[in-house]
Amino acid sequence: MTVFFDPFRELDRMTSRLLDSRQGPRLMPMDLYRDGDHYILNADLPGVDPGSIDVDVDGQLLTIRAERTPRSQEGVQWLSRERAFGSFLRQFTLGDGLAADGITANYDNGVLSVMIPVSEKAKPRKIAVNASSTPAQAEVTA
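Going from the sequence shown to our numbering is simple: count from 1 and add 26.
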């Protein structure tokens, strides 16, 4: 296997590691979309032990935590080591129209999927309109 060595790229990588002030948790890339009566959040967490994933809801705050531990391989000489390890953290503020008690999560093939249902009171509904002969007697029912 051939490994190309670019001294400027390596210098840039080492400099960014030395000057990186983010010693805390790393962010996880994610997508968020609405599908019918649910919001779906998909977060990339490849190589994370499923037992280390923690999804919490505290009031209106949804927190996702995970840990990727490095594999110890004694006697190995690294040629390139770019995969980040350590703690990953993401927090979201949930709106009023969501049912926090119905949130579910699934981890499959390195992707954490969190399903957040829309609350019944926030779902769109039809309002029936009754017609009458006089405008003053019009009645709206829900």
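From the three backbone atoms N, C-alpha and C, an ideal C-beta is built for every residue, glycine too.
_Continuous beta strand (DSSP E) stretch holding I142: start and end_ = Going by DSSP, I142 is part of the beta strand (DSSP E) stretching over 137-143.
*Cβ pair count under 8 Å reaching 3, the segment 134-154 against the segment 100-117*: With the cut-off at 8 Å, the segment 134-154 and the segment 100-117 do not touch.
*Spatial neighbours of Q117 within its chain, please: CB distance less than 8 Å, with the 5 preceding and 5 following residues excluded, ordered by chain position.*
L87, L88, T89, I90, listed in sequence order.
*How would you write the range of the beta strand (DSSP E) that Q117 sits in, first residue to last?*
Residues 112-119.
*Can you give the Cα-Cα distance for D63 and I79, rounded to whole angstroms?*
About 25 Å.
*Could you tell me how far apart the beta carbons of A92 and F114 are, in whole angstroms, since I believe they sit closer than 8 Å?*
Indeed they touch by this definition, with Cβ atoms about 5 Å apart.
*DSSP state of E146, grouped into three classes?*
Residue state for E146 is assigned as helix, using DSSP reduced to three classes.
*Could you spell out where the beta strand (DSSP E) holding V81 opens and where it closes?*
80-84 is the extent of the beta strand (DSSP E) around V81.
*Counting Cβ pairs, one atom from each stretch, are 3 or more of them under 8 Å apart for the segment 119-137 and the segment 69-76?*
The segment 119-137 vs the segment 69-76: in contact.
*Determine the extent of the beta strand (DSSP E) in which E93 is found, giving its start and end residues.*
Going by DSSP, E93 is part of the beta strand (DSSP E) stretching over 87-94.
*Residue range of the beta strand (DSSP E) that R60 falls in?*
It spans 56-61 - the beta strand (DSSP E) in which R60 sits, taken as one unbroken run.
*Between the beta-carbon of G112 and the beta-carbon of R94, is there less than 8 Å?*
Taking 8 Å as the Cβ cut-off, G112 and R94 qualify as a contacting pair.
*Under a Cβ-count criterion, where at least 16 other Cβ atoms within 10 Å of its own Cβ denotes burial, should A154 be classed as buried or exposed?*
A residue is called buried when at least 16 other Cβ atoms come within 10 angstroms of its Cβ; A154 does not meet this threshold and is exposed.
_8 Å CB neighbourhood of K147 in its chain, flanking five on each side removed_ = Cβ neighbours of K147 beyond the five flanking positions: G123.
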